[in-house]
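J.: Residue numbers for the sequence shown, in the numbering used here: -7 to 318. Handing you this structure, nothing more for now.
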Amino acid sequence: MRTGMAAAGAIALLALVGLGGCTADAAPSQSPHTSAGASERPDGPEDPTTTGDAHEPATASGISVEILQTRPDYARRTLQLRVTNGTTQEVTVVSARFDSEHFAAPSTWTGDVAIGPGLTKDLRVDLATSVCKRGALAGHELVTLGLAAASAPSSPDTAPIDAPSHAATDLAVTPTDSKDTMSRIEREDCLAAAVEAIARIVPGELSIDGSGPGATAALELEVTPSGGPGELLLDSIGPTTLLAPVSGERWEIEKTADAATAPFTVELPLRPARCDPHAIAEDKVGTVLPIAVSLDGGEPSGYKLAVDTALRNRLYEFVALSCGLG
-7 MRTGMAAAGA
3 IALLALVGLG
13 GCTADAAPSQ
23 SPHTSAGASE
33 RPDGPEDPTT
43 TGDAHEPATA
53 SGISVEILQT
63 RPDYARRTLQ
73 LRVTNGTTQE
83 VTVVSARFDS
93 EHFAAPSTWT
103 GDVAIGPGLT
113 KDLRVDLATS
123 VCKRGALAGH
133 ELVTLGLAAA
143 SAPSSPDTAP
153 IDAPSHAATD
163 LAVTPTDSKD
173 TMSRIEREDC
183 LAAAVEAIAR
193 IVPGELSIDG
203 SGPGATAALE
213 LEVTPSGGPG
223 ELLLDSIGPT
233 TLLAPVSGER
243 WEIEKTADAA
253 TAPFTVELPL
263 RPARCDPHAI
273 AEDKVGTVLP
283 IAVSLDGGEP
293 SGYKLAVDTA
303 LRNRLYEFVA
313 LSCGLG
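What follows is the structure, given as structure tokens:
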């Protein structure tokens, strides 16, 4: 009897997700495995449909998912699963699994997030290593949401749910990717892998010249060839929203690394790129250095070099010092 009643509850849940239209909000939004922000975006219902059953993932026609990555999440390799409830009743998401042939393993989220009708919430997941198949995998993404059994409404036609509160029904949703997020991540990941196969570039010492407003600094980059095949040209480094060269528009490097090259150091004399009061407080990628590189004589590409937390904080302190922000 208990098994039959639980199955009836799951069937009711699948009927619920068929009540709304399949729509996605593509507008972009801290830690992985936790839920983040909700925004109210009412969605108009479409004709109800119901697919699947209680034992296999069903395709949710009333719940949509958009995959996004905001700029602060680039270096952390965190992805947002933006879940929109297009049904007429609240649903509770207790798990999410992101599968993509772009990555070596799926990404998962667990929690307990209620999403009201027409509302949207973001679930953040950590990304695995890219498999680097050169853009051949577009459209191979799937998000499986675990919806709590308690999300299923009771009605005169269904028996009351008699199941543990953690019981969930899986709903498989093909996510939208209006920002072409997957292609960008794969492109950046695979470029980074190719660069690091030839040489490792690591931020080194930061020295500060001056002790008050107008102070300048110099950041060292340590380049250590791996000994592997290929040639890497470090052409130049562009400014960021927070840091700029002391002179000129870019740091001109024009150095090559290959298996026969000895380790070398590049010095970047720098100054603040901006000094308004929000320069540090609102910073997102101001300490991520965009390096123009070429592999084996090919076209220049943009390799992004992030710094660790300790160096990031020192750079923030330098900007505050040089700008006289106290």
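The C-beta atom is built at its ideal place from N, Cα and C for all residues, glycine as well.
Can you give the Cα-Cα distance for cysteine 315 and serine 203, rounded to whole angstroms?
T.: C-alpha separation (whole angstroms): 11 Å.
J.: Tell me whether histidine 94 is buried or exposed, calling it buried when 16 or more other Cβ atoms sit within 10 Å of its Cβ.
T.: That one is buried.
J.: If you run the structure through DSSP and keep just helix, strand and coil, what is serine 199?
T.: Strand at serine 199.
J.: State whether the segment 186 to 203 contacts the segment 234 to 245, with contact taken as three or more CB pairs (one from each stretch) at a distance under 8 Å.
T.: Contact between the segment 186 to 203 and the segment 234 to 245 is absent, because fewer than three Cβ pairs lie under 8 Å.
J.: Within 10 Å of its beta-carbon, does arginine 63 have 16 or more other beta-carbons around it, so buried, or fewer, so exposed?
T.: Classification of arginine 63: exposed, given that the 10 Å Cβ count is below 16.
J.: Give me the Cα-Cα distance between valine 117 and glycine 222, rounded to the nearest whole angstrom.
T.: Valine 117 and glycine 222: Cα-Cα distance of roughly 34 Å.
J.: Lysine 125: buried (16+ other C-beta within 10 angstroms of its C-beta) or exposed?
T.: So lysine 125 counts as exposed.
J.: Name the two residues that bound the continuous beta strand (DSSP E) containing arginine 263.
T.: From DSSP, the beta strand (DSSP E) with arginine 263 extends over 256 to 264.
J.: Is serine 293 helix, strand or coil when you go by DSSP?
T.: It is a strand residue.
J.: Any heavy atom of the ligand MN inside 7 Å of the beta-carbon of isoleucine 59?
T.: Looking at this structure, you won't find the ligand MN or any other ligand, since it has none at all.
J.: Would you check if the distance between the CB atom of alanine 284 and the CB atom of proline 231 is smaller than 8 Å?
T.: In this structure, proline 231 does not lie closer than 8 Å to alanine 284 by Cβ.
J.: Under 8 Å, do proline 217 and leucine 303 count as touching if we go by C-beta distance?
T.: Result no, Cβ atoms of proline 217 and leucine 303 do not sit closer than 8 Å.
J.: For the segment 285 to 300 and the segment 72 to 88, state whether three or more C-beta atom pairs, one from each stretch, are separated by less than 8 Å.
T.: The segment 285 to 300, when compared against the segment 72 to 88, does not touch it at the 8 Å Cβ threshold.
J.: Could you pull the start and end residues of the beta strand (DSSP E) that phenylalanine 90 belongs to?
T.: Looking at the DSSP string, the run of the beta strand (DSSP E) that includes phenylalanine 90 is 83 to 92.
J.: For aspartate 169, which residues in the same chain have their Cβ closer than 6 Å to its Cβ, ignoring the five residues on either side in sequence?
T.: Excluding positions up to five away in sequence, the list reads Ile59.
J.: Who are alanine 189's beta bridge partners in DSSP?
T.: BP columns for alanine 189 are empty, so no partner.
J.: Tell me the residue span of the alpha helix (DSSP H) that contains alanine 271.
T.: Segment 270 to 273, the alpha helix (DSSP H) holding alanine 271.
J.: DSSP on valine 194, reduced to helix/strand/coil?
T.: Strand.
J.: Mind checking whether proline 255 and glutamate 214 have CB atoms under 8 Å apart?
T.: Yes; because the gap between Cβ atoms is below 8 Å, this pair is in contact.
J.: Do valine 311 and alanine 298 come within 8 Å of each other at the CB atom, strictly closer than that value?
T.: Taking 8 Å as the Cβ cut-off, alanine 298 and valine 311 do not qualify as a contacting pair.
J.: Rounded to whole angstroms, how far is the Cβ of glycine 261 from the Cβ of proline 237, which I believe are closer than 8 Å?
T.: Checking the sequence, you will find proline at residue 261 rather than glycine. Sure, about 7 Å apart at Cβ, within 8 Å.
J.: Applying the criterion that 16 or more other CB atoms from any shown protein chain within 10 Å of the CB defines a buried residue, is threonine 121 buried or exposed?
T.: The residue is exposed, with fewer than 16 neighbouring Cβ atoms inside 10 Å.
J.: Can you tell me the Cα-Cα spacing of proline 282 and proline 292, whole angstroms?
T.: Taking the straight line joining both Cα atoms gives about 12 Å.
J.: Count the other CB atoms, across all protein chains shown, that sit within 10 Å of the CB of aspartate 300; report buried if there are 16 or more and exposed otherwise.
T.: Exposed, by the Cβ-count rule.
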